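Protein chains in written order, with the working numbering: chain A, 1 to 541; chain B, 1001 to 1292; chain C, 2001 to 2246. Structure first, then comments.
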Amino acid sequence: MAYIELKNVSFSYPEANQPAIHNLSLQVEKGQFIVLFGASGSGKSTLLRLLKKEIMPHGELSGEILLDGVSIENQTVNTGFVFQDPENQVVADNVLHEMVFGLENIGLSTNEMRSRVAEMVHYFDAENLLNRDTHELSGGMKQQINLASVLLMQPDILLLDEPTAQLDPVSAREFLNMLVHLNEEFGMTIILAEHRLEEIFLLADSIVLMDKGEVKVQGETRQVLENLWKNPPFNKYVPSIPSLYLSLGGKEKLPLSVKEGRSWTQTVEIAKKDRTRLTEITEELLNAQNIYFQYQKDDGYILKELNLSIRKGDFYALLGGNGSGKSTLLKLLAGVLKPERGKLIFKGKQLKAWKNKNLAAEIGYLPQNPKLFFIQDTVEKEIQDTTEQWGLKNEHEVAPLLEKLGINHLRHNNPYDLSGGELQKAALACLLLRKPEILLLDEPTKGLDPLSKDNLADILCKLNCEGVSILMSTHDVEFAARYASKCGMMFQGSITSESEPDAFFSGNFFYTTMVQRLFRSRPDEQIVTLEEAVELCRLRR
Amino acid sequence: MKSRFEEFHPLVSFIFFVLALSLFILMIHPVFLLLGLIFILMINITYRSVEQLRQWAAFMIISSLFIFLLNPLFNERGRHVLFMFHQHRITAESLIYGGMSALSLVIIMAMFVSYNKIMTPNKLLYLFSKILPQFAVLLMLTLRFIPLMKRRLDEISSIQLSKGISVLHGALNKRVKTGLLYVQVLLTYSLEEAIQTADSMKARGYGTRVRSSYEYFKFKKRDGLALVYLLLLYLLILWGRFNGFGHLTVYPIMESWQLGTGDIRIMLFYCLFLGFPLLIELGGYIRWHILN
Amino acid sequence: MQAKKIIVTSAALLMVALLLYLSFSLQSQYIWISLAIVVLSMLLLLIRFEKRKAEPRELVLLAVLAAIAAVGRVPFASIPSVQPTTFVIMMSGLVFGAESGFIIGAVAALASNMILGQGPWTPWQMAAWGLVGFSAGLLKNSRLMNWTWGRVVFGIVWGFLFGWIMNIWGYFSFTQGGNLFELKSIFTYFAASALFDAMHAASNVFFLVLFGKAWIKILTRFKRKYGLMEFRELSSLNIKPIHKKY
């Protein structure tokens, strides 16, 4: 009998038309590392929650859930749960309070708590964090503390619901590495729901694709990927290296990592790339000259000697580490923050000379967290609000716009009931009604599943073709390489390098796409995206 | 470096401050008040809270001046008329009384400055967790949420500003309305998100068993001794106070401000009480220098 | 459990006896004694809250509302003497009941004082905001509070009452717990703060008229969402709730 066993489990939320989990069966052995993936709303979170009785959702449940042979209602197996949002899980004002919170709940003695904390702090190398206030920590650090405080309770099973969705790639990798350690060194059974697949597929014992509350495919990574490849649209989940291999019709063992792919690329013929590009110099739209900015005096400059120029029709991707100032720069360009020194020029006129309202009409700013965008309680009312506020007469354009974005059926929904991707599109709709010249997008791909990401890319490319300039900040190297017309790297408050994606990523060593890393050993070739690679490469027969 | 007084159990520091507060209210006598002021200033200097004291200085001076000047205006009682002001008797008694009130207020406020320095939120939270554990959890959650809500409000105001909705422009009523709209967005957003916080509490077993509490502070022998010292002195002072020492009666007949033997004895206890943190630091200083 | 109950009850009785004794023996200090009564009655409400086992959801909800009440003034930094704290607490009391209203008000005051620095005003602020929530909760089913203009009257009353409660500590320190209760001086002192109180009342009215209904709707929705519906109705009848499993 498997350690965790689900037999024909179905679950529906109250007042829902469709079951969230439908006739699902799944077996997990002790010590396995399982990765769940699939579109948002496919039932991953619900499935995880059903495995922890304390947070089991309310609703109608049928079938059998057994943990170590015991039904979930009478469970004694100790399960730990880490949630998606690093912020919302934190209950205490400082790190030590947070760490001992769970231990206090189960009534341990101070001595026991102290020795457990000492051990954990040592393992996480977090001694210097212990007396910090939680609100001073970065998202990645918070998520590690959340993991630590769950681990302190010594769980046998660890359930994680997209724990890295809100983290930058570096913190995410650190976090995932920690999970691998826990699995390998302590034999902890781990079930992880995740979007970031490139890194995690290699590590899992078994991966599970969920779709509409059912297990679509399940098994060893290579098998599943080959299976997905044949079943669009699920082929979107196949990471770029195996994708390339499969596109070219490779028949041997599927390469998953750069290391596995390297030897194989040596045998690939690469056609010469056509380097002539149509570059039309258009007029300058937005220009930043020698910008300095700090939030508070003596806090240190977030932006320093920053120069940036956006031309009409650009699709500019701003890359860079956490805290390099990307979000701050976008807020300055949106006119929300004022630079301490330097000039911001929009359409030939200084930004500060623009009236706030006129500026807001021309520049559409989509925040990282679109939930805070909505004042009204339905999408429809928010749109009405916008048309009233701006005195817009284009009500007839609303329906086609929503149709184009694919959210017309969500008009009467509460923004909080939408998924991340839908919410973003709803906010985008409100921005587009104002017909802005330029869109400033703050990490629009954060937390999106691959399908929604593709959908967003389609929309942005269409808008860009219609003449809307786009400046977006992102951590998503693959996305930038594929869609942007220009990439800039931010470091310590200024833009240190800037060029077209090909040149930009070929020059980088760490901060680059999987495909580029794969072809680095062939130095004369600047292949950056999967599409290019598929077009140019041929297997040698 | 942490001072020795700060390393006492929070109960000791809390009791010290509460009892000191009551002394500043009870012992209304110019000599006592002046001594109290000196001690409180020295405590503030010892615990490096002079900077914070300076920030409060303006408020303290204004409100004590206010009290000092207004008391004679409202109050015509007393026998020693100094002068008439718009047919209003300004008496020596009322001036003295006002002066003492003002001084007492200054001392109390200055005491709170060092209190805030020594009784950190963490210590207060710890004390609460001993007597009101559930309330302490609630307080901890609130303390955790406050900086988060501030950051969210900043985020909301910049996002709404980018939509052309701002508290800085337009007519007053519109600005006030916008301000509350921000708070409303914060409310809806935070209540939506906080369900996850509750789940995270449940997932870590909150409410399943009797909760224990982590002993951030150990009650040591010296804490017990300190408490005995403080309480003993306090009871002696209180006893003296009920026998009429250490207090200057102004109305109906003003006493002489000079101190009798009884008063002086009480004053000694008073100094020993208020000087407790200073004595502790001094002891530590001496021991350090002998050991080295 | 029984022993604990006896200890608590006898301690409370002892406190009351002590207070009575003190107010007789120390007639000149009855103002401080009244402060002690304020503190004691707050403690009693806190103990009442302590005795009830609150679900995590309820605790989190109370903490969110208290935190919002505490930071609510931030957007109004550019507009002097307008703050929504009283409004937020009033609405919370109105929807979640007297006890929750009191807790939210008191915790909001205490927590923000713990961050900004405490002073002699802390207990008064806790009492004043606690009472705003408490009274709103007591009247939640009354005809007055289910009528917009009734709520407006309530807001005006509290605008002034709040100022008066806060004045008491100012007045006490001014007369040094003194024996000089002169109506004239009290009156003058209170009149001096009337302008601020009027602003407070006016902003309460403004918020109540424009946002009262919307906030009641929002908070009621969350009351349902947090599963606090059935619990609330029972607690007003003083019946122990049956906790639903979420």
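We put the beta carbon where it would ideally sit given N, CA and C, even for glycine. Keep in mind it's a predicted model, so treat the numbers as computed, not measured.
Does any C-beta atom of chain C lie closer than 8 Å to the C-beta of residue i?
i	result
I1195 of chain B	yes
I1146 of chain B	yes
Q1184 of chain B	yes
G1036 of chain B	no
G1284 of chain B	no
A1198 of chain B	yes
G1179 of chain B	yes
V1031 of chain B	no
P1121 of chain B	yes
S1190 of chain B	yes
N1044 of chain B	no
For residue i, tell me which candidate among the options has the shortest Cα-Cα distance.
i	options	result
Y1270 of chain B	B:F1005, B:R1151, B:G1179 and B:I1038	B:I1038
V2088 of chain C	C:R2224, C:I2218 and C:K2225	C:I2218
L1181 of chain B	B:V1018, B:M1042, B:I1156 and B:R1211	B:I1156
Y1189 of chain B	C:L2065, C:R2052 and C:W2129	C:L2065
Y13 of chain A	A:R49, A:M1 and A:E5	A:R49
L1143 of chain B	A:E280, A:S149, A:H97 and A:A126	A:H97
A2202 of chain C	C:A2098, C:W2147 and C:T2086	C:T2086
N2167 of chain C	C:A2108, C:D2197 and C:R2151	C:D2197
D476 of chain A	A:I4, A:L448 and A:E220	A:L448
I1108 of chain B	B:L1069, B:L1053 and B:K1123	B:L1053
G323 of chain A	A:V117, A:L167 and A:E260	A:L167
A1058 of chain B	B:V1106, B:F1128 and B:E1215	B:V1106
By the three-class DSSP mapping on this structure, what secondary structure does residue i have?
i	result
H396 of chain A	helix
T282 of chain A	coil
Q144 of chain A	helix
K2240 of chain C	Bear in mind that a pLDDT of 40 at K2240 of chain C, under 50, signals an unreliable position, so the number given afterwards is only what the model happens to contain. K2240 of chain C falls in the coil class under three-state DSSP.
I270 of chain A	strand
D458 of chain A	helix
A334 of chain A	coil
I1286 of chain B	helix
A20 of chain A	coil
G213 of chain A	coil
F33 of chain A	strand
F1273 of chain B	helix
T1091 of chain B	strand
Y301 of chain A	coil
Does residue i come within less than 8 Å of chain A when only Cβ atoms are used?
i	result
Y1047 of chain B	no
R1287 of chain B	no
R1211 of chain B	yes
N1292 of chain B	no
Is the Cβ of residue i closer than 8 Å to any Cβ of chain B?
i	result
L2062 of chain C	yes
E15 of chain A	no
F81 of chain A	yes
G43 of chain A	no
V2071 of chain C	yes
I2168 of chain C	no
D619 of chain A	In the structure as shown, chain A starts at 1 and stops at 541, and residue 619 of chain A therefore has no counterpart that could be examined.
Q389 of chain A	yes
A2098 of chain C	no
Let me check one thing: in DSSP terms, what residues is residue i bridge-paired to?
i	result
I495 of chain A	A:M490
N287 of chain A	A:S309 and A:I345
M472 of chain A	A:A317 and A:L441
A193 of chain A	A:L36 and A:D161
E64 of chain A	A:K7
T79 of chain A	A:I157
- prompt: Could you give the uninterrupted runs of the alpha helix (DSSP H) lying entirely in the segment 389-450 of chain A, keeping only those of 4 residues or more?
  reply: 398-405 and 420-433
- request: Entirely within the segment 1004-1067 of chain B and at least 4 residues each: give me those alpha helix (DSSP H) ranges in chain order.
  value: 1010-1026 and 1030-1046
Residue ranges of each alpha helix (DSSP H) within the segment 2084-2119 of chain C, 4 or longer: 2085-2096 and 2098-2116
Length-filtered (4 minimum) alpha helix (DSSP H) runs lying within the segment 132-182 of chain A: 139-151
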